[in-house]
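S.K.:
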Amino acid sequence: MESKNLELPFINYPEIREGPSVPYRNEDQSIPVFRGIPLVVGASLISSVGFIQGYMWRSAGLGTIHDIPGLDQYPVRYDPTVIPVHRGEKPRPGATGALPAPNKKRSGKTGYYTSADYHALYKSGDLTPTQVVDAILSVVRRDTEPPGKHSVAFLESVVEKARAAAEASTQRYKNDRPLGPLDGIPVTVKDEVHMERYHRTLGTVMDFTGDFAGSTSWCVKKWEEAGAIVIAKATMHELGLDTTNNNPNFGTPKNPHNPYYYCGGSSGGSGYAVGAGIVPIALGADGGGSIRIPSSFCGVWGLKPSHSRVSGFPTVSLASTVGVLGPIASSIDDLALAYRVMASPAPLADDSKSGAFLDPLAELDLTPSESRPKNKTIGIMRDWLDRAEPAVRAVFDRALDYYRTQKNYTIIDIAIPYISEGARAHVLTIMAEIASGISPSQIRNLTAPNKVLVSMGRYQISGHDFLAAQRLRSLIMSHLAYLFQKHPGLLIFTPTTPIPGWKIAGGDSDLVHGVSDGKSSVRNMEYVWLANFTGCPAISCPAGYAEDNGHRVPIGVMAMGEWGTEEDLFAFARDGEGVLDLPENRGFLTGSGEQTTGLTIPRGVDSLWEDVVANAKQLAGK
1 MESKNLELPF INYPEIREGP SVPYRNEDQS IPVFRGIPLV VGASLISSVG
51 FIQGYMWRSA GLGTIHDIPG LDQYPVRYDP TVIPVHRGEK PRPGATGALP
101 APNKKRSGKT GYYTSADYHA LYKSGDLTPT QVVDAILSVV RRDTEPPGKH
151 SVAFLESVVE KARAAAEAST QRYKNDRPLG PLDGIPVTVK DEVHMERYHR
201 TLGTVMDFTG DFAGSTSWCV KKWEEAGAIV IAKATMHELG LDTTNNNPNF
251 GTPKNPHNPY YYCGGSSGGS GYAVGAGIVP IALGADGGGS IRIPSSFCGV
301 WGLKPSHSRV SGFPTVSLAS TVGVLGPIAS SIDDLALAYR VMASPAPLAD
351 DSKSGAFLDP LAELDLTPSE SRPKNKTIGI MRDWLDRAEP AVRAVFDRAL
401 DYYRTQKNYT IIDIAIPYIS EGARAHVLTI MAEIASGISP SQIRNLTAPN
451 KVLVSMGRYQ ISGHDFLAAQ RLRSLIMSHL AYLFQKHPGL LIFTPTTPIP
501 GWKIAGGDSD LVHGVSDGKS SVRNMEYVWL ANFTGCPAIS CPAGYAEDNG
551 HRVPIGVMAM GEWGTEEDLF AFARDGEGVL DLPENRGFLT GSGEQTTGLT
601 IPRGVDSLWE DVVANAKQLA GK
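Using full-length UniProt numbering, the first residue of the sequence shown is number 1, and each one after it goes up by one.
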């Protein structure tokens, strides 16, 4: 092994140490699938009988991490936060008026509306924020009779608050004094964060608001201060403990592109809100791909920031060492805009880790966006890529070839040790952390699948197992540090998920009772877990489609960079926008034969696309 200690512009950078050279191996786990009434009955039994939990634990291979040779040579690392330090910089305050204004607008009748579209409509007087918010509230509210047609994706709307914010924004535009590019833009937020006057359920039938009923999480507060209007809280997978967004408690929104598929979770409500065109920006949370998977499944962009980069104070993630907050958006411009506002550092008294980061606007001053990425180097691990299903691999290969031939990126082969073991260590960690925040009495109020998962996390994970997982985290982070120093600017490129969407296999029964399919859950996280476990930033980009039953199924690709390289990831995503214009990646065209370019909205007679601008104009009599 090679070990180096360099003077690096980071706080808490891992030891730069090449990991052991071990052959890649991976095999699907043997985990039984439970659904319907057998799941409901079995969950109570499994959650209370230890030897059944132990059998499932051993079948999943989660107790074998401590068998890795040489693991004791690495220190335990609980926290993957790595903070870039820019010496000699002169940070400027995060003034929203100084934000780079997005200019990416809707592409014809098949494109998504973006913040630039709304901003232009407000500036011209063609629409007002009040008219737009009223149009959206009419389709997302649960408390109307009948409920709004998209209400299954939204948990709660504080109507008076949204309308007051919209009216204030409308007046600012009338006075020609908007706050900046986010002023008047409708957004939604995942139920994981705190918001004044809203409940916080975490997708359960319980109330996790606690002592923070009058508080708003820092990142949401920054959006609101910039003029964004939160129209509702979006639903989520219960406790964030799976990747489908199946939620028997509040209902499960179906994929806007294909009603036979899930939106992906756990931020599936946020993914749906953007994918269906209801808002151009949504807030998600990502502990095991829960921003990137719904972004991929719903055909939009999603960013998982560096660990601790975005403050949710006073929100405390149940998955504290793997979970982050970040944006989902209908354009790269909007993704970057949302991130730059929400990542404004919190006061040190509130959140010492976020407060140690540089303001994103100061980072732009130091290295302007047009000079990124600094180096065009893509790293791929071919054996790992071979795990993707053929439809996903075909889209990925076309994207990789596009970057190589059209954008002059250099493609190199890399190796990362213990990929399959690392995935298990990530699952073990997230299960232990979530279970530690749930009491036995609360377990009884969970849906059947989570009774099983939380009980296993609470009663089957030993201290020995948990410490071994954190040593493996240290090993992998050290190896990544070695790769990033050897190949400056390296971006590790994979599909977002190896599967072309997740079909609702059990039909409506799965939506009523839930489903426990640990094998598919772990497989769905095949590529995303690495960024969560090591704290690196990663971006999911729409890249193409598969087809099933006459409907498109979106497929995304993902790049992961060194700690603190969010701006490089935005530049990488912009370089790859042309991937969507490749004829093979567009999916089938509309019946009229209309040619499409770029990102396209859901199509077909049963698509769930909502034309908010047209609705707002109709309500306004225009």
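No residue lacks a Cβ here, since even glycine has one placed at the ideal position from N, Cα and C.
From S295 to G214, what distance separates their C-alpha atoms?
M.R.: Computed Cα separation, rounded: 30 angstroms.
S.K.: Quick check on P250: does DSSP put it in helix, strand or coil?
M.R.: Per the sequence shown, the amino acid found at residue 250 is Phe instead of Pro. DSSP places F250 in coil when its eight states are reduced to three.
S.K.: Following the continuous alpha helix (DSSP H) through Y339, name the residue where it begins and the one where it ends.
M.R.: Note, Y339: alpha helix (DSSP H), I332 to M342.
S.K.: Taking three-plus beta-carbon pairs below 8 angstroms as touching, is the region 547–565 in contact with the region 523–533?
M.R.: Segments in contact, yes.
S.K.: Can you tell which of M206, G180, V205 and F212 has the C-alpha that lies nearest to the C-alpha of V193?
M.R.: Nearest option by C-alpha distance: F212.
S.K.: Roughly how many angstroms separate the alpha carbons of T590 and F10, rounded to a whole number?
M.R.: In this predicted model, T590 has a pLDDT of only 46, less than 50, meaning its place in the structure is not dependable enough to derive any value.
S.K.: Less than 9 angstroms between the beta carbons of W563 and C536, yes or no?
M.R.: Taking 9 angstroms as the Cβ cut-off, W563 and C536 qualify as a contacting pair.
S.K.: Alpha carbon to alpha carbon, how far is L580 from A95? Give it in angstroms, no decimals.
M.R.: Residue placement at A95 is poorly supported in this model, since its pLDDT is 44, which falls under 50; the coordinates still yield a value, given next. Their Cα atoms are separated by approximately 34 angstroms.
S.K.: Quick one: residues in its chain with C-beta nearer than 8 angstroms to the C-beta of L511, no 5 flanking neighbours on either side, listed in chain order?
M.R.: So the qualifying residues of the chain are N246, P248, G251, T252 and I504.
S.K.: By alpha-carbon positions, which one of P178, F493, A538 and G506 ends up nearest to A165?
M.R.: Here the closest residue by C-alpha is P178.
S.K.: Contact defined as beta carbons within less than 8 angstroms: I believe I46 pairs with S455. What is the distance between those atoms, to the nearest angstrom?
M.R.: Rounded, the Cβ-Cβ distance is 7 angstroms, consistent with contact.
S.K.: Helix, strand or coil: which one does DSSP assign to C541?
M.R.: Strand, per DSSP.
S.K.: Measuring only the C-alpha atoms, how far is P32 from D517?
M.R.: Cα to Cα, P32 sits roughly 7 angstroms from D517.
S.K.: For the region 471–491 against the region 416–435, are there 3 or more C-beta pairs whose distance is under 8 angstroms?
M.R.: Output reads yes: the region 416–435 touches the region 471–491.
S.K.: State yes or no: is the C-beta of I68 within less than 9 angstroms of the C-beta of Y418?
M.R.: Contact: yes.
S.K.: Would you report the Cα separation of A116 and T321, rounded to the nearest angstrom?
M.R.: In a straight line, the C-alpha of A116 is about 35 angstroms away from that of T321.
S.K.: In whole angstroms, what separates the C-alpha of A43 from that of T201?
M.R.: One C-alpha to the other measures close to 22 angstroms.
S.K.: Considering only the beta carbon of each residue, do S270 and S308 sit closer than 9 angstroms?
M.R.: The answer is no: Cβ separation not under 9 angstroms.
S.K.: Is it buried or exposed for S267, if we count other Cβ within 10 angstroms and need 16 for buried?
M.R.: Result: buried.
S.K.: What's the gap between the Cα of N524 and the Cα of I499?
M.R.: Those two C-alpha atoms are separated by around 7 angstroms.
S.K.: Going by other Cβ atoms of all chains shown within 10 Å of its Cβ, with 16 needed for buried, is D242 buried or exposed?
M.R.: Burial call: buried.
S.K.: Hey, how far is the Cα of L400 from the Cα of V40?
M.R.: C-alpha separation (whole angstroms): 44 angstroms.
S.K.: From S344 to P80, what distance separates their C-alpha atoms?
M.R.: Rounded to the nearest angstrom, the two C-alpha atoms are 20 angstroms apart.
S.K.: Under the DSSP definition of a beta bridge, which residues are partnered with V324?
M.R.: DSSP, once it has assigned bridges, lists D286 as partnering V324.
S.K.: What number of angstroms, rounded off, separates the C-alpha of S592 from the C-alpha of T110?
M.R.: Only weak support is given to the placement of S592: the predicted model assigns it a pLDDT of 42, under 50, and the value that follows is read from those uncertain coordinates. C-alpha separation (whole angstroms): 12 angstroms.
S.K.: Quick check on this structure: which residue in D191, E225 and S462 has the alpha carbon closest to the alpha carbon of I65?
M.R.: Closest option to I65, Cα to Cα, is S462.
S.K.: Give me the residue from T188, P259, G148 and S436 with the minimum Cα distance to D508.
M.R.: Answer by Cα proximity: P259.
S.K.: Going by beta carbon distance, what residues of the same chain come within less than 6 angstroms of residue 675, once the five residues before and after it are set aside?
M.R.: Limits of the chain in this structure are 1 at one end and 622 at the other, which puts residue 675 out of reach.
S.K.: Taking a contact to mean a Cβ-Cβ separation below 9 angstroms, would you say Y403 touches I411 in this structure?
M.R.: Yes.
S.K.: Taking only heavy atoms of the ligand GDP into account, decide whether any of them is closer than 8 angstroms to the Cβ of A573.
M.R.: The model depicted lacks the ligand GDP and carries no ligand whatsoever.
S.K.: Measuring alpha carbon to alpha carbon, tell me which of S290, K622 and K104 ends up nearest P181.
M.R.: Nearest of S290, K622 and K104 to P181, Cα basis: K104.
S.K.: Figure out for me which residue from G70, S48 and I16 has the closest Cα to the Cα of V22.
M.R.: Here the closest residue by C-alpha is G70.
S.K.: Could you name the residues that DSSP lists as bridge partners for G379?
M.R.: Answer is I412 and I492, bridged to G379.
S.K.: Along the chain, where does the beta strand (DSSP E) containing I443 start, and where does it finish?
M.R.: Taken as a continuous stretch (DSSP letters only), I443 belongs to no beta strand (DSSP E), being part of the alpha helix (DSSP H) at P440 to I443.
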